[in-house]
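J.: Sequential numbering of the sequence shown, starting at 23, is according to our numbering.
The beta-carbon is built from N, C-alpha and C at its ideal position, and this holds for glycine as well.
In this text the structure is predicted, and so the values were computed from the model without any measurement.
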Amino acid sequence: MKNRWDAFQVSTADNENVVGLRVSSSKALGADADLVLHGGGNTSVKGTLDNVFGQTQKVLFVKGSGWDLKTIEAAGFPPVDLDYLLRLSELNSLSDSDMMKHLSLALLDPKAPTPSVEAILHALIPFNYVDHTHADAVVAISNSPNGAELLSQLYGDEVLILPYIMPGFVLAKQVAEFTANVDWSRLKGIVLLHHGIFTFDDDAKTSYDMMIHLVDMAEEFLLAKLPIAELAAGAYTPDLSDAAALSELRANAGVLFGGPVQLRLDCSSEAVGFAALPNVESLATRGPLTPDHTLHTKAFAAIFNEDLHAGLSQFADRYADYFSSYASDHHQCLDKMPRYGVWRGKGLIYFAANAKRVEIVRDIVSHTVKSIQMSEALGGWQTLPFKDLFDVEYWELEQAKLKSASVRPEFDGKVALVTGAASGIGAACVELLLSQGAAVIGLDRAAEFKDSSTSSSFLSLQCDVTDSTALEAALRTGVLKFGGIDLLVSNAGSFPLSTSLSAMTDAEWDSSISVNLTSHMKVLRSALPYLKHGFDPAVVVIGSKNVPAPGPGAGAYSAAKAGLTQLARVAALELGQFGIRVNTLHPNAVYDTAIWSDDVLQNRAQHYGLSVEAYKTSNILGAELRSVDVANAVIQLLGRSFSKTTGAQIPVDGGNDRVI
Ligand code: ZN
């Protein structure tokens, strides 16, 4: 385990403030995914604040809810009245919802975020700095048959090993009870079995260094039993039929979830290796690394053999049994969709509401499969009983958080394919779709488009849409990453320089027909198997004002766009039976697109005897059209507003007197 202290030091001026130093040492912990993942763990520092009455108050600055140690700032450490917290710790019992109410009452800044549910525990530890992580190595040892014993042998009596108990008030009480007669000056840390580890000191660096030291000991211990090189590895190259199967699975998973979801097939060496282990079914269904992972991954995985649908329904049945075994009258069953599954021999499948959540599932599962194998080497992967996992998954505080976040943006969970995505209308559509929750597969032939995005929701692929083979491969890549395709914006196009029919070369004609007409048929044909399994699938074809009002000198373009419009009408007729809507937009004169080079603009303006400026606003509204105006119309057509419209043609042109 790497000590990152030096890399995260801020200026001395910042460190003079206790919270400043707390921020930098928390980020040093958060930077290591083997210590904390996605909001796991928490830290605190004790200090003072002067109140409005001129009194100095003792304060606990503790991680606030919604913050992640990796990215936390000073605002992520709400100031809490330390004496109030210590008085709460003396109560015999306190319900979780009452505890949260009192944590809010103890806040010394009403605008600060809600303090961590572990605030009382942090208050009880009599040192200024308290660090808490869910270190993989410590938890992996704890998740083995003699975990508690192995950890006490490893750490001796300088580290207190406590049995598992739910987080919150009961955990704080447990720590208070176990440390009542303990000489804190001799204690280096506290391990909470199946949960994590605490270190503490009055000096920030000493507490941080001790965390790294104790976790490092656990890692060394594990590596001696199972070197990294012995972790399962494998290789599998998914094909088109895997992508098709995945998109069908996604449709069924969405039924279990109650709306659009995203899936990802992970064929990394680690995932394929794990999926090929002979006892993988048993390993993946015993439980998660720590109970709080149930919120992201559920308590166990789905197992997929040949028939993916059967694997999905077996999971749903198993989840229903799990729920009915542990639920009380006041519990409401959550959705029965798995969050990850083992596709035997092929890899791991992740399921979640959207691409960002899929990434969280992937990160947690990749740490889990490694830890499972480590614990196996210690005698067997053994997690908490399902009852304890259920209690965390259905904890009232977690359920309250889920309810408050239950309104989904319109395109959350949906996957859109946009062609010609690098610039103009395509790029504007990508931006709007992403902002409204969709994941987007963007295709463009521009060389610089390749891998131009690092966002979890956007996959940019360099692809010439006139090339059927390249197109199929690109769509397969997109579907393996997001699980399917629901929305298509067929936009790629080119606008050749004005050429009269008498001067038209075969090459100019063929090129325009190929890009502006034939490629759209190819895109639609390749996307169709996925669209058929899509959630409220819809297609928007970008036509042109040239269809109702062709221009002289634009024969190759106008004829191709007219053909494209007819193609879209036929598509609407053929695809209605699958619930796929197909509509066409006819934009005019959108000048911030790639087709309108200065030459083309000059050329067209001259043709009508207008200045470039006058040409740009030569419509009834006298308005200049931008790509985003067209993208807004595209989004409306793809969304709920037009859910009963198909085969339509709508102009986006500022009004055109040649047509009206
Ligand atoms: Zn914890």
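1) H608: beta carbon under 7 Å from a heavy atom of the ligand ATP?
2) With which residues is T527 paired in a DSSP beta bridge?
3) What is the C-beta distance between R361 and T319, in whole angstroms, given that I count them as a contact (C-beta under 8 Å)?
4) Check whether the stretch 365-381 touches the stretch 278-289, counting contact only when three or more Cβ pairs, one atom from each stretch, lie closer than 8 Å.
5) Please look up how many angstroms separate the CB atoms of H156 and G218, rounded, as I've assumed it's under 8 Å.
6) Would you mind sorting A96 into buried or exposed? The rule is 16 or more other CB atoms within 10 Å of its CB.
7) Could you tell me which residues DSSP puts in a beta bridge with Q671?
8) Cα separation between L356 and G573?
9) Threshold first: 3 residues or longer. Then list the beta strand (DSSP E) segments lying entirely within the stretch 133-191, N to C.
10) So is the beta-carbon of P310 under 7 Å away from any non-hydrogen atom of the ligand ZN?
11) Closer than 7 Å: is that where the CB of P189 sits relative to any heavy atom of the ligand ZN?
12) Nearest to F408 by CA position, among G178, T488, D679 and T312, is which residue?
13) From D231, M543 and T476, pick the residue whose C-alpha is nearest to that of A594; which is it?
14) Could you tell me if the beta carbon of H154 falls within a distance shorter than 7 Å of some heavy atom in the ligand ZN?
15) In chain order, what residues of the same chain have a beta carbon less than 7 Å from the beta carbon of S549, not counting five sequence neighbours either side?
16) Taking 8 Å as the threshold (C-beta atoms), are L59 and I386 in contact?
17) Give me whichever residues DSSP pairs with L510 in a beta bridge.
18) Looking only at its own chain, which residues have a Cβ that is under 6 Å from the Cβ of V561, when we skip the five neighbours before and after it?
19) Would you report the Cα separation of F191 and P185, rounded to the nearest angstrom?
20) Taking the straight line between their C-alpha atoms, what separation do you get for A645 and R366?
21) Please confirm whether any heavy atom of the ligand ZN lies closer than 7 Å to the CB of H144.
22) What did DSSP end up calling P260 once you bin it into helix, strand or coil?
23) Threshold first: 3 residues or longer. Then list the beta strand (DSSP E) segments lying entirely within the stretch 192-249, N to C.
24) Need the endpoints of the beta strand (DSSP E) that S482 sits in, please.
25) Within 10 angstroms of its Cβ, does F75 collect 16 or more other Cβ (buried), or is it exposed?
26) From what residue to what residue does the beta strand (DSSP E) around F408 run?
27) Within this structure, are the beta carbons of L278 and K227 separated by less than 8 Å?
28) Tell me whether G86 counts as near the ligand ZN, meaning its Cβ is closer than 7 Å to at least one heavy atom of that ligand.
29) If I follow the unbroken beta strand (DSSP E) through G363, where does it start and stop?
30) With DSSP collapsed to three states, give me the class of N274.
31) Can you determine whether any heavy atom of the ligand ZN sits closer than 7 Å to the C-beta of G61, and answer yes or no?
32) Tell me the rounded alpha-carbon separation between G505 and T441.
33) When DSSP labels each residue in this structure, what does K638 get in the three-state scheme?
34) Among the candidates A275, K247 and G435, whose CA atom is the shortest distance from the CA of Q395?
35) Return the first residue and the last residue of the alpha helix (DSSP H) that D105 is part of.
36) Going by C-alpha to C-alpha distance, which of D103, D329, A265 and G63 sits closest to Q77?
T.: According to the structure data:
1) As far as ligands go, the structure on display features the ligand ZN and does not contain the ligand ATP.
2) According to DSSP, which records beta bridges pairwise, T527 is partnered with nothing at all.
3) 5 Å
4) yes
5) 4 Å
6) exposed
7) T606
8) 58 Å
9) 151-155 and 181-184
10) no
11) yes
12) T312
13) M543
14) yes
15) Correcting the residue identity first, residue 549 is Ala in this sequence and not Ser. L439, L497, I507 and L510, listed in sequence order.
16) yes
17) L439 and V561
18) L510 and V604
19) 15 Å
20) 58 Å
21) no
22) coil
23) 211-214 and 218-223
24) F480 to Q484
25) exposed
26) Looking at the DSSP string, F408 is not in any beta strand (DSSP E); the run it does join, the alpha helix (DSSP H), is F408 to E415.
27) no
28) no
29) Y362 to W365
30) helix
31) no
32) 18 Å
33) helix
34) K247
35) L104 to S111
36) D103
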